[in-house]
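Chains as they are written, first to last, in this note's numbering: chain A, 3 to 160; chain B, 3 to 160. For every residue, glycine included, the Cβ atom is placed at its ideal position computed from N, Cα and C. Some notes on the structure that comes next.
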DNA sequence: AATGAGTATGCTATGATATTCCGATTTCGA
DNA sequence: TCGAAATCGGAATATCATAGCATACTCATT
């Protein structure tokens, strides 16, 4: 499990190098935290972890770091949770869809480009030229459908 | 223009009556403000308007009211803007998609049920049973594509 | 090595959005 | 008229995010 985190980190480092951008220690650390979480994490959760690790850190540090990671495609923002999740394919820009379990928080990214195209086409019919798609589907994951009480019962707007 | 607002208000009142829920003065007033805005409005904008009108009002008042209006399907929340917009068809529950102009803020709702079904099917493939879909597409509306400088250049995450 | 431009970080303060909790009032059927 | 449920008022606080400016680092060029 930690292996996959390390793998993703190495991959991100390689991509960053190739692009001529800096995966600094802070950026690397934040990405690592998000990868380890394996589900959407709030900015202030990350901040708390950063503080534990390095003693000090302020909100702007985290948000700047997140801006960078999102810009590079290493991380996605989940709008309906004000949270951040690692991208499953940081190589190339893509349009993804998220399925989010309101019971346990598990969040799965898919990259169905056919769907993405259909959505953009729908918007085009309305005269819009789309640059960014947000697709977040809330419901219950397979595990929680079986055992509803097992979930952590996350709060937040279901 | 105000006619359509009055019409929507009357319709909402009728629906509320039919459902046995109360469209109280505050609720009616907030819905009116959202209808008049014609685009996504923030909760604190509504709060300010409420204060102007009635002297006093606190955040919980607005949020409670919004909860009610959303529950009844009179209003939708735009997650990527933390804002609220009137529904174009409050009669029946539906899954909609939003096209949002990052230049002028114009936001158009569509209710392409075929797309909505395809999205839920995609999530079903991942084992999820979906209860709520969030589809928000950001870009540029027809008007702003013609005259880019005309837009109000809204800030916010594009 | 010294310079300096560009990038990244530290840090204070503040802004913006949202909820909890409790008590008072209103509504409305029995 | 009584009582339960719904609604509203209001203080306090939680949560999420940015502005603005000073400092420090990086690295190619001199």
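- With its beta carbon less than 8 Å from one in chain B, residue 81 (chain A) belongs to the interface.
- For residue 56 (chain A), the closest C-alpha among the options A:31, A:116 and A:145 is that of A:31.
- Between residue 140 (chain A) and residue 82 (chain A), the CB-CB gap stays under 8 Å.
- For residue 140 (chain B), DSSP records a beta bridge to A:134 and B:102.
- Taken through DSSP and simplified to helix, strand or coil, residue 145 (chain A) comes out as helix.
- With distances taken between CA atoms, residue 94 (chain A) lies nearest to A:74 out of A:79, A:74 and A:106.
- Secondary structure at residue 41 (chain A): coil, using DSSP grouped into helix, strand and coil.
- Contact with chain A is absent for residue 89 (chain B), since none of that chain's Cβ atoms lies less than 8 Å from the residue's Cβ.
- Around the CB of residue 26 (chain B), fewer than 16 other CB atoms lie within 10 Å, so the residue is classed as exposed.
- Under the three-state reduction of DSSP output, residue 108 (chain A) falls in the coil class, being neither helix nor strand.
- Counting only the Cα atoms, residue 76 (chain B) lies some 10 Å from residue 36 (chain B).
- At a cut-off of 8 Å, the C-beta of residue 17 (chain B) has no neighbouring C-beta in chain A.
- Using a CB distance below 7 Å, the part of the segment 123 to 143 of chain A facing chain B consists of 124, 125, 128, 129, 130, 131, 132, 133, 134, 135, 136, 137, 138, 139, 140, 141, 142 and 143, ordered along the chain.
- For residue 7 (chain A), the three-state secondary structure derived from DSSP is helix.
- Contact annotation for residue 45 (chain A) against chain B: no contact, minimum CB-CB distance about 13 Å [criterion: below 8 Å].
- Contact check for residue 109 (chain A) and residue 41 (chain A): beta-carbon distance about 5 Å, within the 8 Å limit, so the pair qualifies.
- Secondary structure of residue 90 (chain A) (DSSP, three-state): coil.
- Your pair residue 136 (chain B) and residue 90 (chain A) does not check out as a contact, with CB atoms roughly 19 Å apart and the cut at 8 Å.
- The beta carbons of residue 112 (chain B) and residue 48 (chain A) sit no closer together than 8 Å.
- According to the DSSP assignment, residue 64 (chain A) belongs to the alpha helix (DSSP H) that extends over 61 to 73.
- The C-beta of residue 54 (chain A) has fewer than 16 other C-beta atoms within 10 Å across all chains shown, which makes the residue exposed.
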